[in-house]
Structures are given as C-alpha cells and as structure tokens.
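Engineer:
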Amino acid sequence: MTVVQYSSGNRLLDALPASDFANLERDLTIVALKAHQSTHSVGRVMSHVDFPIDAVLSVVATLKNGDTVEVGTVGSESFVESEAALESSVSSRTSFCQVQGSVGRMSIACFEQRMETSVMFARFMRHNVRAVLFSSQQFTVCNVKHAVIQRCARWLAMTADRVGRPEFTLTLDFLAIMLGVPSARVSEAADALQLMGAIEYRQGVVTIVDRGRLERVTCECYEASKVAFAESLLLSA
Amino acid sequence: MSRMSDDRVAAGLSDAPHRAEPSLQTEMRLLVESVYGPPVRRLPGLDVGRAYWGATKGFRYGGDMADVFHYGNGCTSLAVVDISGHGIRAARYAGLAKYALRAYASQGFDALESVRALNCLCIENSTFEGEHEFFATVFFAIVDAGRQTMQYVSAGHEAAYIVTPDGPRMLHATGPIVGLMDDDDAFGQATVRLEHGDIFAAVTDGFTEARNESLVFLGADALVEVIERNRAREAEQQAEAVTRYAYEYAGSRLEDDIAALVVKVDVAAAA
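Protein chains in written order, with this note's numbering: chain L, 69 to 305; chain C, 11 to 281.
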C-alpha cells in the first residue's frame, strides 16, 4: 500500500513534523489570489494567516505622503502576517498579492490554537519570524549600501525562488515602486541584466535565462536571506 | 517658433504651430491635446487654469493630465493625474482616468468613492489587458463653490496646496498610489473650506523633480512661490507660469512632463 502524505505546497508547513500534519488539510482553505488583490489591511483585526503556495505576496509600508514601498516579499518559505506568531491580532502592515497564485489560508483562531497546543508548530513559526526579522534588517543595509542593479537582481532571484519557476509577470514600474527607486533607474538595471544575458524582459514578463549570471550580480543579501529561511525550516524535535 | 510653444500644451494652445519633429511626437502631441480637451476658464465661483509641458528628453509626452469638469448639480471636479511610464500608453491611460473619474462623479460618487472605483478599474484593466499594468498618482477633488467646500483624495500625490492670503496649506496625501492594491481601506478623504481669494494649485512630479545644473530638485515649495508671485494674474496665466518656471529652472532640459492646475476661488461669482 502506498501512503501519500498530504503536502500543503507551502515549504514552512511541509517542514512540520508528521504529528503537526494532523488536520492540516482540514484547517487550510486554498485561495487563488489575483495580482494586486489585498490580503491584509493595516490597522485591521487579522482574520486569517496566509501560507503562500505559488503566490508571492508583498508587505508594504505607506508613508504619509502616499509613497508605498515594499518592506517584505513572502512566498512559500513563510507566511503572512508573521506578527500573528507574536500574539498580535491587528495587522501592522498592508499585504497584497504580487504574483498571482494560491495560498493556504488558515483562520486566525485555528492558527492561535495551534500555536498554543503544539510546541513544534509554535517553534517553526517563531523561527520563521526570526528569519523574516533577519531579512528585513539585512535589506535595510541593502537599500542603503547596494546599487540598484544589485537590488533588482536580488529581487528577481528571490521572486523566482518563491514562484518556483524562472518566468513570471512583472512590470518595471511595479518593481520601481517596490524598490522605492525611480522607474528610469530600474529600466537601466533591467536593460543591463538583459544585455549580460541574465534575464529576458518582454511585455511585462521576466524570464531568468541564466541563473548563475543573475546570482553573480546580486549582493550578499540574497544569499544571507535565503540561508536564514532555509535554516528556519530545519528545526529538530 | 520657440521650443517652449511646441512643448507646451496648455488649454487653448492646440493651434500652436507644429515644428518639424518625428511623426510619432506629433501624434503624441495631438493625443495629449485631445486628453486635455478645450480650455475651461470660468466656472461659477472659480477661475480655472491648466497647463502642460512636455519633457525635453526621451519620451517627450507622457501620462500627466489635469482636468476640470462641471456637473449638473453645480459641483466641479478637479483632477491631476500622473500615470507611470511615458509615451502613447501612458497618455491613453491618462484619458482613461480622466473619463472614468468624470463618470464616477457624475453618478454621484464622492471623491473617495471615485478614487476607489478608479483604483479598482486600474487593477481590473491590468488583469484584462495582461502586461499593460499601470499605476498613477491622483489628486481628485469635488468642489462645491456655493458651499465653499472642497472634498479631496490625494492618492500618493505630493504637491497640492491651497494658497490663502495668510499663507499656504499643503493638502497631504490621503492614500497610496492608484493601481497597486485593491485595498479600499488604504484610501481616505478630507474636506477643506475655501474662502474668497484662495488659490488651489497642484502639479505633477515633473515640476517637483525638475533639476537645475547642480542637479538640485525644484521641490514643492517652489509651486507656492510661483503662485504667490503671480497672485494677481488669471488662473490660466498662473498655470502657465508654473510650468514655465520649472522649464527655466531645469535649463530647458525637463526630464519629465508636467501638468499644472490652478483654481482661484471667486465667491462673489458663485452667487
């Protein structure tokens, strides 16, 4: 007899020990998100937590002048909102779908119950939040110290990792907003990456054609964040 | 013919002579002129002026737009929109935003409902048209000159002021840019009282981000300076003075197009 274990498609959930898989399928609703669809609104009471499967979500901060900049990108390695694991019940940031796809949605009540009743579930979630914090701090340095082309390359490599394929929809205007830099500078960076054969960019679709070349352009922050999340998935009992 | 006239598409300037330029630029210029439409200078209680100045580098014309529309209920809407990107597509989306906002307001939507609906339209339009995603900073206001109120939404729009005889008052953003996320809660609106002699002025970022030879940005404060310096002039002349100031500040090398809207409040004329 072949036993097929349930896979949520979210790497964080799939890293949980077998005992924590019990009823996971029951507790998750698969939700298909469209690009730009809002998932959490700042200041609102959280009703759910999203575990991306192949969707990529953006966590953004909006300043008083209306400027909106991405402060976190979340894919299948993590979940939104991470503050739910820190006993917060109100969204501190707005989140929306950046690359359309699916998420496993868990009610906040169910999430909190699992945090209270399962030591391993709570440990996995908190370690994941630690990786989120580490990455956030790393990207603060990145935004100050690294060139636009390096940041673009990092963002593209991270997004490809999270989508799980080398091709995804993306406009340069959107990337400019997310990185908080003028669109002309993002266009220059994309042109340079294309010229060196790392990516192809055509009609709103980016294809990473040479992963090695792209990663050689990224700054160290890409690898640092990747390692942090990978380590958060390797907890032992 | 001076370059200034060719780069300028102020209301009422569509008869400006064409100089020898690539046919695409001519078509773009005509497109921008059509987005602007005919001049509107006098409305009950309001003296209105609009101006547009094309960039002098790269794509000369883009998605900046200033619009004024008067409704049957006596209210007037003001819109200043800056679509991301440049060229024909941006100009086309500027037209979409212009008529969408007019349509929403004419159906009785308030400023907030209109901008929320535009945000939804942008996202749905992007989904429908695939790769043609666009974003916009939007200042949209509904003025009731009789009641002397202006209800507005500023979606990521930085430079909008009411310049009163006692000094300027900045109209701060009430939400993020349009087209990014379908979160109605992200947008808010505000209402300000208008007094006789107040001047509303708003520009797109081609003005604030104009740079001089030392690469110093012009900034939003300069808008107030130009308005105060030209206070006695008609709104149309003020709007032209605003765009001209940025052009000259940048040493005739504007990197982005500019839309300017100036509205002078004339309470006596509202009666």
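Heads up, the beta-carbon is just placed ideally off N, CA and C, and yes, glycines get one too.
As the structure is a prediction and not an experimental result, all values here were calculated from the model.
(1) Quick one: give me the first and last residue of the alpha helix (DSSP H) that Tyr71(C) is part of.
(2) Where does Ser33(C) fall in DSSP's three states?
(3) How long is the line joining the alpha carbons of Ser186(L) and His108(L), rounded to whole angstroms?
(4) For Phe227(C), which option in Leu264(C), Ile133(C), Ser94(C), Glu43(C) has the closest C-alpha, if you only look at C-alpha atoms?
(5) Rounding to the nearest angstrom, what Cα-Cα distance links Phe236(L) and Ile245(L) in this structure?
(6) Going by the DSSP bridge assignment, what does His108(L) pair with across the sheet?
(7) Hey, is the stretch 252-263 of chain L in contact with the stretch 153-168 of chain L, meaning 3+ C-beta pairs nearer than 8 angstroms?
(8) Determine the contact status of Tyr103(C) and Phe144(C), defining contact as a CB-CB distance below 7 angstroms.
(9) Can you pull the chain L neighbours of Thr86(C), defined as C-beta to C-beta under 7 angstroms?
(10) Among Val137(L), Cys165(L), Asp118(L), Val128(L), whose alpha-carbon lies nearest the alpha-carbon of Ser146(L)?
(11) Looking at Ala270(C) and Val188(C), is the spacing between their C-beta atoms short of 7 angstroms?
(12) For a contact defined as C-beta to C-beta under 7 angstroms, what are the partners of Phe236(L) on chain C?
(13) Specify, as a first and last residue, the run of the beta strand (DSSP E) that Asp57(C) falls within.
(14) Let me see if you follow: with CB-CB separation under 7 angstroms, is Asn133(L) close to chain C or not?
(15) Val124(L) and Thr141(L) look like a contact to me (Cβ under 8 angstroms); what is the Cβ gap, rounded to whole Å?
(16) Buried or exposed: which applies to Asp231(C), given that a residue is buried once 16 or more other Cβ atoms fall within 10 Å of its Cβ?
(17) Can you find a C-beta in chain C that's less than 7 angstroms from the C-beta of Thr107(L)?
(18) If you count every other CB in all the chains shown that lies within 10 Å of the CB of Tyr81(C), and 16 or more means buried, which is it?
(19) What residues from chain C crowd round Lys294(L), counting only those whose CB sits closer than 9 angstroms?
(20) Could you have a look at Asp241(L) and say whether DSSP puts it in helix, strand or coil?
(21) Buried or exposed: where does Val209(L) fall if 16 or more other Cβ atoms within 10 Å of its Cβ makes it buried?
(22) Listed in chain order, which residues of the stretch 160-178 of chain C have Cβ atoms closer than 8 angstroms to some Cβ of chain B?
(23) I need the straight-line Cα distance from Ser300(L) to Arg230(L), nearest angstrom please.
(24) Check whether the Cβ of Met180(C) lies closer than 7 angstroms to any Cβ atom in chain L.
(25) According to the Cβ coordinates, are Glu250(C) and Ala89(C) closer than 7 angstroms?
(26) Determine the closest residue to Val42(C) out of Gly59(C), Val50(C), Gly55(C), His96(C), with distance taken between C-alpha atoms.
(27) Between which two residues does the beta strand (DSSP E) carrying Ser293(L) extend?
(28) Can the beta-carbon of Val254(L) be found less than 7 angstroms from the beta-carbon of Val171(L)?
(29) In this structure, does DSSP put His283(C) in helix, strand or coil?
(30) Taking buried to mean at least 16 other C-beta atoms within 10 Å of its own C-beta, is Asp25(C) buried or exposed?
(31) Please confirm if Asp92(C) has its CB atom under 7 angstroms from at least one CB of chain L.
(32) What whole-angstrom Cβ distance do Asp193(C) and Phe164(L) have, given they're in contact under 8 angstroms?
(33) Give the interface partners of Gly95(C) over in chain L, defined as CB-CB distance under 8 angstroms, in chain order.
(34) For the beta strand (DSSP E) containing Tyr282(C), name the first residue and the last one.
(35) Starting from the C-beta of Val212(L), find all residues in its chain whose C-beta is less than 8 angstroms away, skip the five residues before and the five after it, and write them out in chain order.
(36) Please return the same chain residues whose Cβ sits closer than 8 angstroms to the Cβ of Met69(L), not counting the five positions on each side in sequence.
Structural biologist: This is what the structure gives:
(1) First-last for Tyr71(C): undefined, no H or E at that position.
(2) helix
(3) 25 angstroms
(4) Leu264(C)
(5) 17 angstroms
(6) Note: His108(L) sits in a beta bridge opposite Ser163(L).
(7) no
(8) Going by C-beta atoms, Tyr103(C) is nearer than 7 angstroms to Phe144(C).
(9) Here the premise fails: no neighbours, minimum Cβ distance about 23 angstroms.
(10) Asp118(L)
(11) When the beta-carbon positions are compared, Val188(C) and Ala270(C) stay at least 7 angstroms from each other.
(12) Neighbours of Phe236(L) across chain C, judged by C-beta separation under 7 angstroms, do not exist; the nearest C-beta is about 12 angstroms away.
(13) 56-63
(14) yes
(15) 6 angstroms
(16) exposed
(17) no
(18) exposed
(19) Going along chain C, no residue has its Cβ under 9 angstroms from Lys294(L), so there is no contact; the nearest lies around 26 angstroms.
(20) helix
(21) exposed
(22) Although the question refers to chain B, the structure presented lacks it and instead comprises the protein chains L and C.
(23) 16 angstroms
(24) no
(25) no
(26) His96(C)
(27) It is not in any beta strand (DSSP E) - Ser293(L) instead sits in the alpha helix (DSSP H) that spans 288-300.
(28) no
(29) Residue 283(C) is absent from the structure shown; chain C starts at 11 and stops at 281.
(30) Any reading at Asp25(C) is ruled out, since the residue's pLDDT is 34, under 50, leaving its predicted position unreliable.
(31) no
(32) 7 angstroms
(33) Asp241, Ser251
(34) Only positions 11 to 281 of chain C appear in the structure, and residue 282(C) is not among them; the question remains open.
(35) none
(36) With a pLDDT of 49 at Met69(L), under the threshold of 50, the predicted position of this residue should be treated as unreliable, though the coordinate-derived value follows. Here the set comprises nothing.
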